[in-house]
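Novice:
In the working numbering, the protein residues as written are -1 to 66.
#1: Could you say which of 43, 11, 42, 53 lies nearest to residue 18 if we only look at CA atoms?
#2: Cα separation between residue 46 and residue 38?
#3: Check the DSSP bridge columns for residue 38 and list the partner residues they point to.
#4: Ordered along the chain, which non-local residues of its own chain (more than five positions away) have a Cβ less than 6 angstroms from that of residue 64?
#5: Using 9 angstroms as the threshold, is the C-beta distance between residue 66 and residue 44 below it?
Put into structure tokens, the structure is as follows:
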């Protein structure tokens, strides 16, 4: 039980994979339209928002922003 309470067991990983889609991800998982890179792990704010990344949900067809 001591191991589950240790900082080692509960600490988040220092790095994590980030998937990047070069086109609409709904088009499929074919080779060439996605890549995965290794980035530093950081706690994200709602949205999500980080130090280098902010997701903004915008619908260009209807010229409308959606809440996170």
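We put the beta carbon where it would ideally sit given N, CA and C, even for glycine.
Specialist: Walking through what the data contain:
#1: Translated into positions along the chain shown, residue 18 becomes position 20. Here the closest residue by C-alpha is 53.
#2: Locating residue 46 in the chain shown gives position 48, counting from the first residue. Locating residue 38 in the chain shown gives position 40, counting from the first residue. Roughly 15 angstroms separates the two Cα atoms.
#3: Taking the chain shown and counting its residues from 1, one reaches residue 38 at position 40. In DSSP, residue 38 forms a bridge with 13.
#4: Residue mapping note: residue 64 aligns to position 66 of the chain shown, counting from 1. These residues qualify, in order along the chain: 55.
#5: Taking the chain shown and counting its residues from 1, one reaches residue 66 at position 68. Taking the chain shown and counting its residues from 1, one reaches residue 44 at position 46. Yes, these two residues count as a Cβ contact at 9 angstroms.
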